[in-house]
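Since the structure comes first, as structure tokens, the remarks are kept for the end.
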Amino acid sequence: MDFQLEPLTTAQASNRPADALIVLVAEGPVVATDPISTLIAQARKAGDLPDKPGRLLQMYRPPGIAARMLVLVSSGDGTAARVRSAVLAAIQALKASSPRQIALLFAQKTDAQCVHAAVLASADASYVYVTTKPKAEARSIAAVTLGAASIDGLGTAFERAVATVAGIELAKEWANRPGNHCTPSLLAQAAQQLATLPGIECEVLKPKDVAKLGMGALMAVAQGSSEPLRFIVLRYQGAAKGAAPVVLVGKGITFDTGGVSIKPAAEMDEMKFDM
95 MDFQLEPLTT AQASNRPADA LIVLVAEGPV VATDPISTLI AQARKAGDLP DKPGRLLQMY
155 RPPGIAARML VLVSSGDGTA ARVRSAVLAA IQALKASSPR QIALLFAQKT DAQCVHAAVL
215 ASADASYVYV TTKPKAEARS IAAVTLGAAS IDGLGTAFER AVATVAGIEL AKEWANRPGN
275 HCTPSLLAQA AQQLATLPGI ECEVLKPKDV AKLGMGALMA VAQGSSEPLR FIVLRYQGAA
335 KGAAPVVLVG KGITFDTGGV SIKPAAEMDE MKFDM
């Protein structure tokens, strides 16, 4: 999924081609007279667009709007949590029309937290796991453009949000895979792919390396599988030289069979996420 951030007023958005245009409408006046602002004012006056987050109006090719679909959605008080609710509701409403190009417009002022929330919500609402599901319909949305009248000071938050989405979706991909498509060797290959990004290094320890380091507990657990173990170390050298390092340690267990015989059957399938 490709994300872009660009300056965009309601008047400019009216003339912007897209499969779908989502307009986030927060509490407070929208005083312009362009087609989008006029529709917002009319909908509010008629009581059809209350301020409750997630309430929306969906229209097909409304007059004066270049986008094929228009969704006006309330974001309540305009805080990040309300923006997230609004974006989730809007993209869910659009799923049936399978849009590829979406423009997401803040009708009023926005801030870094709201931009971050909008990017993550766009990805969350449209994510589909398809790797081992040949009949699953893949995510239709290929690109999302976020727009606001002023984007000054929003670039860093936007870039971090896009990077966060990439990390979240990588984690979702490997968590959703069944055990035979998520072996230690395959997971190690995915880690090595990450090492092609700037500043990242990957080291993969194999059984002999682990034995040499005396990692007996790991070796004992790995004996329960016919798949050879891999111990993955990823390093990112991106902070200042004087900054203290941050170390994250994960179990890295790609399939957990512990206690299957004594656990209740309900939700047994969710044990795959105990990785």
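Residues 95 to 369, numbered by this note's numbering, are exactly what the sequence shown covers, in order.
Built from N, CA and C at the ideal position, the CB exists for glycine as well.
Predicted model, so just to flag it, every value in this text is computed and none were measured.
Work out the CA separation of residue j and residue i for me, nearest whole Å.
i: M313; j: K366; result: 21 Å
i: N274; j: Q317; result: 17 Å
i: G261; j: R254; result: 11 Å
i: L143; j: R162; result: 20 Å
i: I356; j: E100; result: 55 Å
i: T204; j: E267; result: 31 Å
i: Q207; j: A242; result: 14 Å
i: A333; j: D113; result: 40 Å
i: A360; j: A269; result: 19 Å
The alpha helix (DSSP H) with residue i in it runs from where to where?
i: S179; result: A174 to L188
i: R138; result: P129 to A140
i: T104; result: T104 to S108
Name, in chain order, the residues that DSSP records as bridge partners for residue i.
i: A237; result: D96 and Q195
i: S168; result: V119
i: M362; result: Beta-bridge pairing links M362 to no other residue.
i: A114; result: M163 and I196
i: P101; result: A242
Under the assumption that residue i contacts residue j (Cβ atoms under 8 Å), give the Cβ distance between them as a whole number of angstroms.
i: G158; j: P129; result: 3 Å
i: S232; j: Q195; result: It should be pointed out that residue 232 corresponds to Ala in this sequence rather than to Ser. Incorrect: roughly 16 Å between the Cβ atoms, too far for contact.
i: P322; j: P278; result: 7 Å
i: A120; j: S169; result: 5 Å
i: F252; j: L240; result: 7 Å
i: V209; j: L248; result: 5 Å
Locate the beta strand (DSSP E) running through residue i, then write down its first and last residues.
i: Q202; result: First-last for Q202: undefined, no H or E at that position.
i: L150; result: L150 to Y154
Whole runs of the alpha helix (DSSP H) within the region 292 to 319, excluding any shorter than 4 residues: 301 to 306 and 310 to 316
Kindly provide the ranges of any alpha helix (DSSP H) runs that are 4 or more residues long and lie completely inside the region 223 to 277, ordered along the chain. 249 to 270
Entirely within the region 320 to 357 and at least 3 residues each: give me those beta strand (DSSP E) ranges in chain order. 325 to 330
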